[in-house]
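Take a look at the structure set out below.
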Amino acid sequence: MQIIRDIAMLRRAVSALQQGGKSVALVPTMGALHEGHVSLVRMAGRVADHVVVSIFVNPTQFGPNEDYAAYPRDEARDAALLAGEGVALLWAPDVATMYPGGHATHIEVSGLGADYCGAARPGHFDGVATVVAKLFNQVRPDVAIFGEKDWQQLAIIRRMARDLDFALDILGAPIARDKDGLALSSRNGYLSKDLREAAVALPDALKAAAKAIAGGGEVAAALAQAEADILKGGFDSVDYVALADADSLERLTEFRKPARLLAAARIGKTRLIDNLPVG
Ligand code: AMP
3 MQIIRDIAML RRAVSALQQG GKSVALVPTM GALHEGHVSL VRMAGRVADH
53 VVVSIFVNPT QFGPNEDYAA YPRDEARDAA LLAGEGVALL WAPDVATMYP
103 GGHATHIEVS GLGADYCGAA RPGHFDGVAT VVAKLFNQVR PDVAIFGEKD
153 WQQLAIIRRM ARDLDFALDI LGAPIARDKD GLALSSRNGY LSKDLREAAV
203 ALPDALKAAA KAIAGGGEVA AALAQAEADI LKGGFDSVDY VALADADSLE
253 RLTEFRKPAR LLAAARIGKT RLIDNLPVG
């Protein structure tokens, strides 16, 4: 596996991979890789001839009081894991390569980025959309894979790719979960054993709410019950629990398909997100 940190070298290496009409799939990540990332890499390997993974902890998607400095980083471990998965190329630029001095352009996907995590983390999705657009232009893959774990992010990236005519396919990969049902996340490592055990209240509450709503229960009551269950389970606060149109992300007060339950809640110093389809 090649590890590349320079844009000109990246372009040459990707062109070489694409020789003879071969396709390249990109899996963008922030590192601290777990089985969820591995499932994306394996999907990439099934849909394209070569897999490129990027690792970049993107400072512009973290708020001033968020965990940018503390975010887990272990490139040597990640690189060994990716090499074992048959990844052709690891794109690992530093911050100065991604944002050279004077960098002044950003992408805002209006509407889709305003609610949910966008409301709780102002500027977050502008940072995500901008860095993903840059990764698309740097790597120029045929397809890019994102996890359904970050449902709002996936919707925003699909919209951006359509709006800006990026010539690639965007695929969503199912959420990889631990045995108890908690969605895998690089941030789960922040949790003590007790908090980790309590965190299962988040997927459990969403499962119960999805069942209630699909069974004809009142949406507002199911959402209020989910929020109460999350707090009772040991979370300190709930940023949101909402039923949304799965594509437009419009908030739904009545159930109609396709719908998705979306939630974010804080336990200790850790903010966790999750989502589930309904019906
Ligand atoms: P991150 O490194 O957290 O920015 O995530 C990189 C990619 O992996 C994103 O597309 C995430 O949606 C995806 N991802 C993270 N955790 C999971 C998971 N548990 N299941 C599926 N995809 C995931």
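This note's numbering puts the first residue of the sequence shown at 3, with every later residue one more than the last. Even for Gly, the Cβ is constructed at its ideal location relative to N, Cα and C.
Item to check | Local Cβ density within 10 Å of Gln21, reported as buried at 16 or more and exposed below that | outcome: exposed
Next on the checklist: With H, G and I counted as helix, E and B as strand and the rest as coil, what does DSSP make of His108?
Outcome noted: coil
Item to check | contact_flag[the segment 109-120, the segment 66-85] where n(CB pairs < 8 Å) is 3 or more | outcome: no
Next on the checklist: Quick check: what's the CA-CA separation for Lys151 versus Ala267?
Outcome noted: 14 Å
Next on the checklist: Is there a C-beta anywhere in chain C that falls below 8 Å from the one on Ala10?
Outcome noted: Absent from the structure: chain C. Only one protein chain is present.
Checklist entry - Can you tell me where the beta strand (DSSP E) with Pro176 in it begins and where it stops? => result Neither: Pro176 is in no beta strand (DSSP E) and is coded neither H nor E.
Item to check | Buried or exposed (CB count within 10 angstroms, at least 16 for buried), Asp165 | outcome: exposed
Item to check | Residue of Glu256, Thr272, Lys271 and Ala246 minimising C-alpha distance to Pro279 | outcome: Ala246
Checklist entry - What residue ranges within the segment 86-156 form continuous beta strand (DSSP E) runs of no fewer than 3 residues, ordered along the chain? => result 91-93 and 145-149
Next on the checklist: Am I right that Ala178 and Ser56 are in contact with their C-beta atoms under 8 Å? What's the rounded C-beta distance?
Outcome noted: The pair is not a contact, with the Cβ atoms about 19 Å apart (cut-off 8 Å).
Item to check | Three-state class that DSSP yields for Asp69 in the structure shown | outcome: coil
Item to check | Cβ separation of Ile147 and Ile159, assumed to be a contact under 8 Å, to the nearest whole Å | outcome: So it is not a contact: roughly 11 Å between Cβ atoms.
Checklist entry - Excluding five sequence neighbours on each side, which residues of the same chain lie with their C-beta closer than 8 Å to the C-beta of Ile232? => result Ala203, Leu204, Ala207, Val240, Val243, Ala265 and Ala267
Next on the checklist: Beta-carbon within less than 6 Å of Leu28's beta-carbon, same chain only, minus the 5 sequence neighbours each way: which residues are those?
Outcome noted: Val54, Val141, Pro143 and Ala146
Next on the checklist: Looking at Leu251: is its Cβ nearer than 8 Å to the Cβ of Ala157?
Outcome noted: yes
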